[in-house]
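The sequence shown lines up with residues 1 to 644 when you count with UniProt numbering.
We put the beta carbon where it would ideally sit given N, CA and C, even for glycine.
Everything below concerns the one structure shown next.
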Amino acid sequence: METPQSISIVGAQEIEVIKAQDLNEALGYVAGVGRKSGQTRLSDELLVRGFEVSAYTGSMYRDGSKYSVNVYNGQQEPYGLERVELLKGASSVLYGASGPGGIVNTVTKRPTTETLRELNLEYGSFDRKQMSGDFGGALTDDGVWSYRATFLARDSKTATDYIDDDRRFLAGGLSWRPSARTSLTLLADYQKDETAENLGLPAKGTVYSTRYGRIPLSRYTGTPGYDSYEAERYTAGWLFEHAFNDTVTLRNNVRYYDFRSTFPETLTYNLGSDERTSTTRYALDRSDDSQAVVADSSLQFKLGEGMFKHTAIVGVDYTRMKHQTARDQRRAQPFDYFDPDYSFPVGGVYRTQGKSTDRNRRLGFYAQDQLKIADRLVVLLGGRYDEVVYNSHDNVGVSQSIDDEKSRAFTGRGGLVYLFDNGLAPFLSYSESFEPESGTDRTGGRFKPVTGEQYEAGLRYQPPGSDFMLSAALYQLKRKNVAVSDPVDPSYNIQVGEVRSRGFELEARGRIGRNTNVIAAYAYTDARTTKASPLAPDEEGMRVGQVPYHQFSLWTDYSFGDFGLAGLKVGAGLRFVDTTHFLYGTGKVPAYTLYDAMVSYSTGPWRFALNASNLTDKRYVAVCQSACFYGEPRRIIGSVSYRW
1 METPQSISIV GAQEIEVIKA QDLNEALGYV AGVGRKSGQT RLSDELLVRG FEVSAYTGSM
61 YRDGSKYSVN VYNGQQEPYG LERVELLKGA SSVLYGASGP GGIVNTVTKR PTTETLRELN
121 LEYGSFDRKQ MSGDFGGALT DDGVWSYRAT FLARDSKTAT DYIDDDRRFL AGGLSWRPSA
181 RTSLTLLADY QKDETAENLG LPAKGTVYST RYGRIPLSRY TGTPGYDSYE AERYTAGWLF
241 EHAFNDTVTL RNNVRYYDFR STFPETLTYN LGSDERTSTT RYALDRSDDS QAVVADSSLQ
301 FKLGEGMFKH TAIVGVDYTR MKHQTARDQR RAQPFDYFDP DYSFPVGGVY RTQGKSTDRN
361 RRLGFYAQDQ LKIADRLVVL LGGRYDEVVY NSHDNVGVSQ SIDDEKSRAF TGRGGLVYLF
421 DNGLAPFLSY SESFEPESGT DRTGGRFKPV TGEQYEAGLR YQPPGSDFML SAALYQLKRK
481 NVAVSDPVDP SYNIQVGEVR SRGFELEARG RIGRNTNVIA AYAYTDARTT KASPLAPDEE
541 GMRVGQVPYH QFSLWTDYSF GDFGLAGLKV GAGLRFVDTT HFLYGTGKVP AYTLYDAMVS
601 YSTGPWRFAL NASNLTDKRY VAVCQSACFY GEPRRIIGSV SYRW
């Protein structure tokens, strides 16, 4: 209530009720959130208020620390999370370099002093078999030591032929709380994914029909036995907190990431004039190794009594990353979308496309003060200074290097909230973001950081004593210094581009009465290019691809305890996405509405559940970029859980 910026939080219970399989689905009932890419399992990518939120834009965080090793981080396992937090809009002051759409912070499951023992078995569509477990509790009678251990194992096919969705996940935590003022939590996790990339299909054959009809949803355009995505991720770190007294608290968070992947894939593009055969096809050997250390230290000061109360934070964070990548290109045979012949193997390497090592260091200093006046008016002011140092060494052919390229930026944040006794809390805010931009213009000048700014006005309402909240927000976001083609020499870029997003959002979330939970969301988003390259003046005023004007979602579930059916819960939801433009080109993706449902029954330590997403098995195109992607067909998952 006291934060002058829109925030949405999705807890573990909601993730379980809707059976979310990734962050896109976990945030599927949040206003203003859309899907950035197709059926990818290589990374978590969202669109928030018309802008990308992903590891690539530096907008993914884990336990408050940057989760950005490389664009192919892999998806985070929802079962390992306590909650997902979405801070909408430009948010660099506390979090550093990131895109203007917002910040997603995933909070992992922590050690608990309450005894927790849970086992789950699931079976569902596409021969999906999964087992998971969650265990925790105190290790000593006084609760000074506690632990948490979580695991998941899944073997599954998918809606696309030849693509599996296999995962192994293990996470553990150990907490030491010698006093009420001090805590140290050690966290580690391991995740291994074995799948393959769905690279999409041509627009003609999906959005539009061909003389042969539409391409089957299950069509795989890769090479069986060659295409794959095998990735392993290790993370380890700690969360430390010590309150020196009632005024000063020290926090120190450190995490190490190690991510390794190989994903050879066959790229199949474009539809020929015969309306059935690809015009471009080749294979690519890929490997990525990434390591990162992320550290954040801060001091919090709680000052003042009576009329004026301050909560001030000063801190410093540091990130060091290394990313090594290799690409080798191979020949591949043309592909028939309607009658594929998978017997042709990929050819030999004919071009080494890229081998490079990238390193960057990020250092940020931040300060923020939240002043509360008479327990009514909340005033927030904050600022941050960042320096990013980037190095790149390309070892293909003639060696190319970028040494110690620096980006510096100052970002600010300010806002007001007024707290009424009846639960109303209107707010106003201004916030900024920045993204480092590597490269030079044709004169050799270094590019400036890409910047973002947001103006937002909103209103929250939470009836006193209730678990229900209504929120509304009106905003304008801008992304500036976007690189576009130089009209003097199109082989270079100039930073004159600008994208603006204006919108309105409504969200209702919480419990009504004893038995009914409701989540409702509506978003109107008008995202447009406001400044384009002089070579493409017609792009000015054009809508941004993949961003719908309207989105609406509703989920409700009801527990039948008052009808003598204690333990029975039934839920249903719908998700509407308006027409969107192709990311490239002038085509349009039709609007669609999806329906979800669930039923569960709990008795004693047992819980039985059945979940269905896209209940009517609607066939629809979800995203069109350079290729188009069908949305997920109907998925049904049955589960049995035992807690003791």
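Check                                                                                                                : Outcome
Proximity test, Cβ basis, 8 Å: residue 434 and chain B                                                               : You won't find chain B in this structure, because it holds only one protein chain.
Simplified DSSP state of residue 178, which is helix, strand or coil                                                 : strand
CA-to-CA distance, residue 308 to residue 427, given in whole angstroms                                              : 19 Å
Span of the beta strand (DSSP E), counted from its first residue to its last, around residue 499                     : 493–512
Beta-bridge partners of residue 410, as assigned by DSSP                                                             : 385
Residue nearest to residue 645 in terms of C-alpha spacing, selected from 72, 126 and 12                             : Given a span of 1 to 644 for the chain in the structure shown, any question on residue 645 remains unanswerable.
Between the CA atoms of residue 168 and residue 190 - distance to the nearest angstrom                               : 8 Å
When 631, 432, 547 and 182 are compared against residue 616, the one with the closest alpha-carbon                   : 631
Extent of the continuous beta strand (DSSP E) to which residue 297 belongs                                           : 278–303
Under the three-state DSSP convention, the category residue 576 falls into                                           : strand
Nearest neighbour of residue 351, chosen from 286, 608 and 415 [CA to CA]                                            : 286
Residue 92 - DSSP class collapsed to helix/strand/coil                                                               : helix
Check whether residue 276 and residue 337 have beta carbons under 8 Å apart                                          : yes
Residue 489 versus residue 498 - alpha carbon distance                                                               : 20 Å
Proximity below 8 Å, CB of residue 423 to CB of residue 463                                                          : yes
Distance, residue 197 Cα to residue 332 Cα                                                                           : 17 Å
As assigned by DSSP and simplified to three states, the class of residue 562                                         : helix
Start-to-end residues for the alpha helix (DSSP H) that takes in residue 12                                          : 12–17
Closest residue to residue 301 among 538, 245 and 281 (Cα-Cα distance)                                               : 245
Runs of beta strand (DSSP E) lying entirely within the stretch 424–468, each at least 3 residues, in chain order     : 424–435 and 450–461
Exposure label - residue 406; buried when at least 16 CB within 10 Å                                                 : exposed
Length at least 4, wholly inside the stretch 194–219: the alpha helix (DSSP H) runs in chain order                   : none
Residue from 53, 12, 205 and 363 whose Cα sits closest to the Cα of residue 627                                      : 205
Among 38, 73 and 102, nearest to residue 456 - alpha-carbon criterion                                                : 102
Opposing strand residues paired with residue 54 [DSSP bridges]                                                       : 45
Residue range of the unbroken beta strand (DSSP E) whose run includes residue 515                                    : No beta strand (DSSP E) holds residue 515; DSSP gives it neither H nor E.
Other residues of its chain near residue 620: CB distance less than 6 Å, five sequence neighbours each side excluded : 592 and 631
Reduced DSSP secondary structure (H/G/I, E/B, other) of residue 601                                                  : strand
Sufficient close CB pairs (3 or more, under 8 Å) joining the stretch 560–571 to the stretch 533–542                  : no
Selection from 544, 495, 477 and 472 that minimises the alpha carbon distance to residue 483                         : 495
Element boundaries [beta strand (DSSP E), containing residue 243]                                                    : 229–243
Nearest to residue 477 (by Cα), restricted to the options 88, 389 and 404                                            : 88
Beta-carbon proximity list for residue 111, same chain, < 8 Å, skipping 5 on both sides                              : 136, 146, 147, 148, 173, 174, 175 and 185
Distance between residue 50 and residue 99 (C-alpha atoms, nearest Å)                                                : 11 Å
Proximal residues to residue 541 (C-beta, below 8 Å), its chain only, five neighbours per side dropped               : 528, 529 and 530
Buried versus exposed, by CB contacts within 10 Å (16 or more), residue 114                                          : exposed
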